[in-house]
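Numbering (the numbering used here), first residue to last: 2 to 157. To start, the structure itself, in structure tokens.
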């Protein structure tokens, strides 16, 4: 896997990967849920100076991503955690999260947080990685699902 930072030039590939992952939600969401269309510039915040965004490629195919940005001086907000469905259950997400967490520690973060859809299979992944629900809930307007907050202490 070839790792590269997120750039404006590969935003199209990231949007395509996110769409593939969103399409997998049809397996567990309520009937009638519609796969969302990402708004223009939906991931631009991860191009900002305080952000970190890493993409994993297999030749010309984007297979994974992970990112974080500053939420506060000691808390990183994680996003863009995607793995191409054909590559699930290979440990890719765990490896990518490990790389992001190492970078968070090097920047002085003590804690990380994220949102994921309530009831998504991703909840099991996060729990297995030591994440805990933190009490936050929020409706995501363009995804059309309730999101649940998770947090994790980074430790040394």
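Just so it is clear, CB atoms sit at the ideal spot from N, CA and C, and this is done for glycine as well.
- If you ignore the 5 residues before and after residue 138, its C-beta comes within less than 8 Å of the C-beta of 119, 147, 148, 149 and 150, all in its own chain and listed in chain order.
- Rounded to whole angstroms, the gap between the alpha carbons of residue 29 and residue 122 is 8 Å.
- Each of 108, 140, 111 and 154 was checked against the Cα of residue 130, and the nearest Cα belongs to 154.
- When the alpha-carbon of residue 135 is set against those of 115, 26, 142 and 86, the nearest one is in 115.
- Judged by DSSP in its simplified three-state form, residue 5 adopts strand.
- For residue 45, the closest C-alpha among the options 5, 90 and 16 is that of 16.
- Across the structure, residue 42 and residue 156 are spaced so that their CA atoms are roughly 33 Å apart.
- Non-local beta-carbon contacts of residue 102 in its own chain, meaning distances under 8 Å to residues more than five positions away in sequence, involve 113 and 155 in chain order.
- When secondary structure is reduced to three states using DSSP, residue 60 falls in the coil class, being assigned neither helix nor strand.
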